[in-house]
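One structure is given below, encoded as structure tokens.
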Amino acid sequence: MDLQVAEHALQHHFADMEQQQETSTFGMWMFLLTEIMFFGGLFCAYLVYRSSYYEAFVEGSQKMNIWLGATNTAVLICSSLTMALGVRAAQTGKKKLMVVLLLITILFGLGFLGIKGVEYHEHWENHEFPGPNFHFQTIDKTPPVDPQHTEIYFSLYWAMTGLHALHMIIGVGLVTWIILGGLAGAYTPAYFTPVEVVGLYWHFVDLVWIYLFPLLYLISKKHGGG
Amino acid sequence: MTRRAADEHIAPESHVIPISLYVVIWAALMVGTGLTVFAASVDLGIFNIVVALLIATIKGTLVVLFFMHLRYSTKLTMVTVVAAICFLLIMFSLSMTDYLTRGWSTLH
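Which chain is which? The protein sequence lines are A and B, in order. Heads up: the first sequence begins at 1 in this note's numbering, then just goes up one per residue. Heads up: the second sequence begins at 1001 in this note's numbering, then just goes up one per residue.
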């Protein structure tokens, strides 16, 4: 049975299943590395402006709710665990377990997006979205912080977390696709490359957040926000 | 690489990581998150960012090595990933050598 599936899944231009899987995984890594470069541009912009307007970045970051941010970090880490266990279930041929674990992964992913939505709503209500409605009351300080510099912080905050959230939404879509395949019996221990590859994508999105959280939420020890 | 017949070699030799190891990595990541929040509440001056990035990098390395199976991947994949990270750091460094040294000139 497995042999039949393997022969069916092996495309003619690969020598064997191992080579086929290695090629797919390597291809996914190449894509994720371009994604690192893509996010890298934003991280570099962050680095440049943070070093130029440190005080403004501290004031901006104090509007972040670090407990929601920390909760979201934990939610993503849990989703990565269920994803990793889901890939393992596919690897070991536990088809039902894989579907259940991936459904839990999606729930964590949606939970993350929900919490992010609550935060976005708060920032929007507080006029912390860059543009004509942006308003920022600077704390009395000498020299005073230019609100326009805080606006740069918020531009980067929305761009970086927004791009990350977009990746989360795509990730939820991809995991849904894997679940549908799993229900149709598309994956076996001999062929589960799509599960493995979507897992890589999911973990990558978690990886980006691991850096975003301290850089955007925890700039200074003075925790305001919350 | 020698071509192997399908009946000799059906499944890829993918490494099955024990569940316990995944749970240990998960626990380490959770502890790391708590540690990041705690470290940010202590005033370390310039070292706050150093500690934050250090913890993030340890967490990231765990994710990449175990959750993303890089530890069990081909050497080609490992070298490519390391090369990309080096490139990212080179680009950060080159950008910052510009921005951090503006105004250093004594010509005007």
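All C-beta atoms, glycine included, are put in the ideal place defined by N, C-alpha and C. Since this is a predicted model, take the numbers as computed values, not measurements.
Quiz item: Is the Cβ-Cβ distance between R88/A and Y1072/B less than 9 Å?
Solution: The Cβ-Cβ distance between R88/A and Y1072/B does not fall below 9 Å.
Quiz item: Count the other CB atoms within 10 Å of the CB of Y1099/B; is the residue buried (16 or more) or exposed (fewer)?
Solution: Under the 10 Å beta carbon count, Y1099/B is surrounded by fewer than 16 other beta carbons and is classified as exposed.
Quiz prompt | Limits of the unbroken alpha helix (DSSP H) element including K237/A | solution = Coverage of chain A is limited to positions 1 through 226, which leaves residue 237/A absent and any answer about it impossible.
Exercise. Would you check if there are 3 or more beta carbon pairs closer than 8 Å linking the stretch 147-156 of chain A to the stretch 52-70 of chain A?
Key: Result yes; three or more Cβ-Cβ pairs closer than 8 Å.
Quiz item: DSSP state of T188/A, grouped into three classes?
Solution: strand
Quiz prompt | Reduced DSSP secondary structure (H/G/I, E/B, other) of G182/A | solution = helix
Practice problem: Report yes if the CB atom of T138/A is closer than 9 Å to the CB atom of S24/A, and no otherwise. | Solution: no
Self-check item: Below-9 Å beta-carbon distance, S80/A vs any chain B residue
Solution: yes
Quiz item: If you draw a straight line from the alpha carbon of H121/A to that of G185/A, how long is it in whole angstroms?
Solution: 41 Å
Quiz item: Under 9 Å between the Cβ atoms of I106/A and N72/A?
Solution: no
Exercise. Compute the beta-carbon to beta-carbon distance between L200/A and L81/A, rounded to the nearest angstrom, for a pair I have assumed lies under 8 Å.
Key: L200/A to L81/A, Cβ: 15 Å. No contact.
Self-check item: C-alpha distance - I1090/B paired with I36/A, whole-angstrom precision
Solution: 13 Å
Self-check item: Contact check, A1039/B vs A1052/B, beta carbons under 9 Å
Solution: yes
Exercise. Taking 8 Å as the threshold, find out whether the stretch 207-216 of chain A comes into contact with the stretch 1041-1060 of chain B through three or more Cβ pairs.
Key: yes
Quiz item: Given that V1031/B touches chain A, what residues does it touch there, using C-beta distances under 7 Å?
Solution: Those do not exist, as V1031/B stays about 10 Å from chain A at its closest Cβ, beyond 7 Å.
Self-check item: Nearest-angstrom Cα separation, counted from K96/A out to G69/A
Solution: 33 Å
Exercise. With DSSP collapsed to three states, give me the class of I1058/B.
Key: helix
Quiz item: Any idea what DSSP makes of A15/A, helix, strand or coil?
Solution: coil
Practice problem: Could you tell me whether the Cβ of T1097/B comes closer than 9 Å to any Cβ of chain A? | Solution: no
Practice problem: Using a Cβ-Cβ cut-off of less than 8 Å, list which residues of the stretch 46-78 of chain A approach chain B; keep chain order. | Solution: L47, V48, S51, S52, I66, A70, T73, A74, I77, C78
Quiz item: Would you say V1050/B and L1044/B are within 9 Å of each other, going by their C-beta atoms?
Solution: yes
Exercise. Take L101/A and list the residues in its own chain whose beta-carbon comes closer than 8 Å to its own, dropping the five residues that flank it on each side.
Key: T82, M83, L85, G86, A89
Quiz item: What separation, rounded to the nearest whole angstrom, lies between the Cα atoms of A45/A and A9/A?
Solution: Their Cα atoms are separated by approximately 44 Å.
Quiz item: Would you report the Cα separation of A1084/B and P144/A, rounded to the nearest angstrom?
Solution: 40 Å
Quiz item: Considering S80/A, what are the terminal residues of the alpha helix (DSSP H) in which it resides?
Solution: 66-91
Quiz item: Under a three-way DSSP split, which group does H203/A fall into?
Solution: Of the three classes helix, strand and coil, the one that applies to H203/A here is helix, per DSSP.
Quiz item: Taking buried to mean at least 16 other C-beta atoms within 10 Å of its own C-beta, is T1077/B buried or exposed?
Solution: buried
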